[in-house]
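Reading through the structure tokens given below for one structure.
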Amino acid sequence: MTYAIIETGGKQLRVEPGRFYDIELLHVEAEATVTIDKVFLVQHGDDVHIGQPLVEGATVEGTVLRHFRGRKVIVYKMRPKKKTRKKKGHRQEITRLMIDSISIKGDAIAKREETTPIVETPSK
55 MTYAIIETGG
65 KQLRVEPGRF
75 YDIELLHVEA
85 EATVTIDKVF
95 LVQHGDDVHI
105 GQPLVEGATV
115 EGTVLRHFRG
125 RKVIVYKMRP
135 KKKTRKKKGH
145 RQEITRLMID
155 SISIKGDAIA
165 KREETTPIVE
175 TPSK
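Position 115 (the sequence shown) corresponds to 169 in our numbering; numbering is contiguous.
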């Protein structure tokens with residue numbers, strides 16, 4: 055099993071090739087290829103590469119599937135006995151990213167199988 059721990063959008067994720075992840079908005083077009091070089095850890099079988107803080111030469115390649123907005127979060131503030139109420143909603147902009155490969159120093163150690171089609175579950 056091969057996986058990597060990357061940072062994108064200020065958050066750290068454990069990613070594997072062939073899976074998609076919902077991350078903070080990336081300002082690229084849909085169907086574009088993205089290279090992430092903030093890789094903290096790469097595990098390939100029994101071989102583990104740990105960065106200090108980043109693994110040198112490690113990259114994760116991905117394809118942007120689509121952009122969408124997340125679920126609405128309601129923020130409600132009330133001050134008791136003051137008749138003060140504020141209600142706000144927020145929807146986060148999200149990018150769905152399919153991980154294609156994990157590479158170290160230019161050698162792809164794990165790739166997504168090309169025979170499996172990209173299946174995306176519809177979101178509400």
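Beta carbons are placed, not taken as given, at the ideal position from N, Cα and C, and that holds for glycine.
Note that this is a predicted model, so its numbers are computed, not measured.
Compute the beta-carbon to beta-carbon distance between residue i and residue j, rounded to the nearest angstrom, for a pair I have assumed lies under 8 Å.
i      : j      : result
Phe122 : Ile148 : 6 Å
Phe74  : Glu167 : Not confirmed; about 14 Å, so no contact.
Val93  : Val114 : 6 Å
Ile163 : Thr56  : 6 Å
Going by C-alpha to C-alpha distance, which of the options sits closest to residue i?
i      : options                   : result
Ala84  : Gly64, His103 and Val118  : Val118
Val127 : His144, Lys140 and Gly111 : His144
Leu151 : Ile104, Lys92 and Glu78   : Glu78
So for residue i, helix, strand or coil by DSSP?
i      : result
His144 : strand
Met55  : coil
Lys165 : strand
If we ignore side chains and look at the alpha-carbon of each, how far apart do residue i and residue j end up?
i      : j      : result
Ser155 : Gln97  : 13 Å
Gly32  : Ala86  : The displayed coordinates of the chain run from 55 to 178. Any statement about residue 32 would go beyond what the structure contains.
Lys142 : Ala58  : 37 Å
Ile60  : Lys137 : 46 Å
His160 : Gly111 : Just to set this straight, residue 160 is Gly in the shown sequence, not His. Going from the Cα of Gly160 to the Cα of Gly111 covers about 7 Å.
Lys140 : Lys131 : 5 Å
Pro1   : Gly72  : It is not possible to answer for residue 1, since the shown part of the chain is limited to 55 through 178.
Residues in its own chain within less than 6 Å of residue i by CB, not counting five upstream and five downstream?
i      : result
His103 : Val96 and Val109
Asp91  : Thr113
Only counting the same chain, and skipping five residues up and downstream in sequence, which positions put a Cβ closer than 8 Å to that of residue i?
i     : result
Val88 : Leu80, Val82, Glu115, Gly116, Thr117, Val118 and Leu151
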